[in-house]
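With the numbering used here as the guide, the letters of the sequence shown map in order to residues -8 to 389. Ideal Cβ positions, reconstructed from N, Cα and C, are used throughout, including at glycine. As the structure is a prediction and not an experimental result, all values here were calculated from the model. Okay, structure first, notes after.
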Amino acid sequence: MDYKAFRQDIRAWLEANCPASMRTPAKQEEQVWGGRNIKFPSPDAKLWFERCVEKGYCVPDWPVEYGGAGFDTEQTRIFKSEMRKLGCRAPQVNLGIWMSGPAILEFGTEEQKREHLPKIARGEIRWCQGYSEPGAGSDLAGLQTRAVADGDDFIINGSKIWTSYADESDWIYCLVRTDPDAPKRDGITFLLFDMASAGVEAKPIELITGERHFCQTFFDNVRVPQKNALGVINQGWTVAKRVLEFERNMMSDLGSETGSNVEPREAALHYIGKDNNGAISDVILRDAIARHEIQKRAFDVTQQRMIDEFTNGAGNMNTALIFKYCGTEEEKRKFELLLKIMGEQGLGWRDHQHFTESELNTTIEWMGAKTHTIAGGTSEIQLNIIAKRALGLPGVLS
-8 MDYKAFRQDI RAWLEANCPA SMRTPAKQEE QVWGGRNIKF PSPDAKLWFE
42 RCVEKGYCVP DWPVEYGGAG FDTEQTRIFK SEMRKLGCRA PQVNLGIWMS
92 GPAILEFGTE EQKREHLPKI ARGEIRWCQG YSEPGAGSDL AGLQTRAVAD
142 GDDFIINGSK IWTSYADESD WIYCLVRTDP DAPKRDGITF LLFDMASAGV
192 EAKPIELITG ERHFCQTFFD NVRVPQKNAL GVINQGWTVA KRVLEFERNM
242 MSDLGSETGS NVEPREAALH YIGKDNNGAI SDVILRDAIA RHEIQKRAFD
292 VTQQRMIDEF TNGAGNMNTA LIFKYCGTEE EKRKFELLLK IMGEQGLGWR
342 DHQHFTESEL NTTIEWMGAK THTIAGGTSE IQLNIIAKRA LGLPGVLS
């Protein structure tokens, strides 16, 4: 494979096909979520989506027969690199791309792959995740949502919480207990089913940011075919752990697609100004900004090194464990720093008279950044995983 020529071809295609308006960071309301009720914020967003779907570029590393572009690891890396260089937005956002799709690729039957993957690639189905429960968060394996066999079906009863966008999703991948007498990690099944099924109800929960994308989802005698189990019945914990790896990898890269357009150095120059030597006048904040930039650079270089190692067949999955923790913790520190820099201008809340839209968005993102250190496994749980699996230290995990 001539990767140099491939890079040139990808760069030329992106230059010719990605509209200029799609080469800027997308605000939350500008994201294109796939699904039965897909909506486009602009004609350019629709055009960009359709062009990428036609080429398989929503899921470039998936096989062509499932809607992807069939790229190998290095081609995928080059494609994403060129997307970043040009500032291209993701053509669609979907948990199916990040989590359920990769799980189906790895564990699904051929029938499941052909049923679900092309629909994800074309943005026809939007997915949500049924993991956490009111009594099973960090101890996810303690879940109690039950699925009882009834002929060729399961009958599901219970509830899930923090189900992001459950009220707007079409399908769910859900952990259910199918053998209550087995050790808790051995009696779990990973099920796929339609959110339009009778007995499914999603109720939004208002967050501190004022957003309502989290839901509590209730299952009341929901009937699901047993053939919808992904992987082996009663051995769904294996699939669940793999999906958590996909999720943590996704969360480690928070801010690459969306998020604040303001960086601490830029904010400091605006709110604090320079001293006589042309440096940021507050020496303490100047030191904090330098530390943040060093951490961010180290994170980016380490992440790229891991990608290169995997490309060369020398990768170690333990390396990936650090990224969710380091990425979300540094994101949290970044917004703490931004609010210190902004001073009283970081205290706004829906007040456009005294605060700019950028300032209000930064305050909201500061609140949201804290939730990212909890979602997908708290930072404390992630440190336990790193200690046990990466460092081989005694830990609490089994």
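query: Please work out which residues of its chain come closer than 6 Å, Cβ to Cβ, to Gly359, disregarding the five sequence neighbours upstream and downstream, and give them in chain order.; result: Thr200
query: On a CA-only basis, which of Ser123, Asp278, Gln66 and Cys206 is nearest Lys194? Give me that one, please.; result: Cys206
query: Compute the beta-carbon to beta-carbon distance between Gly47 and Ile116, rounded to the nearest angstrom, for a pair I have assumed lies under 8 Å.; result: No, Gly47 and Ile116 are not in contact; Cβ-Cβ is about 17 Å, not under 8 Å.
query: Starting from Glu192, trace the beta strand (DSSP E) in both directions and tell me its first and last residue.; result: Val191 to Ile196
query: Give the range of the alpha helix (DSSP H) segment to which Gln373 is assigned.; result: Ser370 to Ile376
query: Going straight from the alpha carbon of Phe237 to that of Arg176, what length do you get?; result: 19 Å
query: Are the CB atoms of Leu166 and Gly368 nearer to each other than 8 Å?; result: no
query: For a test of the three-state rule: what should DSSP assign to Asp299, helix, strand or coil?; result: helix
query: Give the DSSP-derived three-state secondary structure of Ser188 in the structure shown.; result: coil
query: For Val44, name the three-state secondary structure that DSSP assigns.; result: helix
query: What residue does the alpha helix (DSSP H) around Pro255 start on, and which one ends it?; result: Pro255 to Tyr262
query: Tell me which residue opens and which closes the alpha helix (DSSP H) that Gly359 is part of.; result: Glu348 to His363
query: Pick out whichever of Leu338, Tyr(-6) and Asp278 has its Cα sitting closest to the Cα of Glu73.; result: Tyr(-6)
query: At what residues does the beta strand (DSSP E) containing Leu5 begin and finish?; result: Element bounds for Leu5: not the beta strand (DSSP E) but the alpha helix (DSSP H), Tyr(-6) to Asn8.
query: Does the count of Cβ pairs from the region 139 to 149 and the region 259 to 271 closer than 8 Å reach three?; result: no
query: Note down, in chain order, each residue of its chain lying with its Cβ closer than 7 Å to the Cβ of Gln(-1), except the 5 sequence neighbours on either side.; result: none
query: If I measure Cβ to Cβ from Ala60 and keep anything under 7 Å in the same chain, skipping five residues before and after, which residues do I get?; result: Lys46, Gly47, Tyr48 and Pro51
query: Please tell me whether Phe209 and Leu182 are closer than 8 Å, where the distance is taken between their beta carbons.; result: no
query: Assign Val334 to buried or exposed, taking buried as 16 or more other Cβ atoms, counted over all protein chains shown, within 10 Å of its Cβ.; result: Position check: residue 334 holds Gly in this sequence, whereas Val was assumed. Burial call: exposed.
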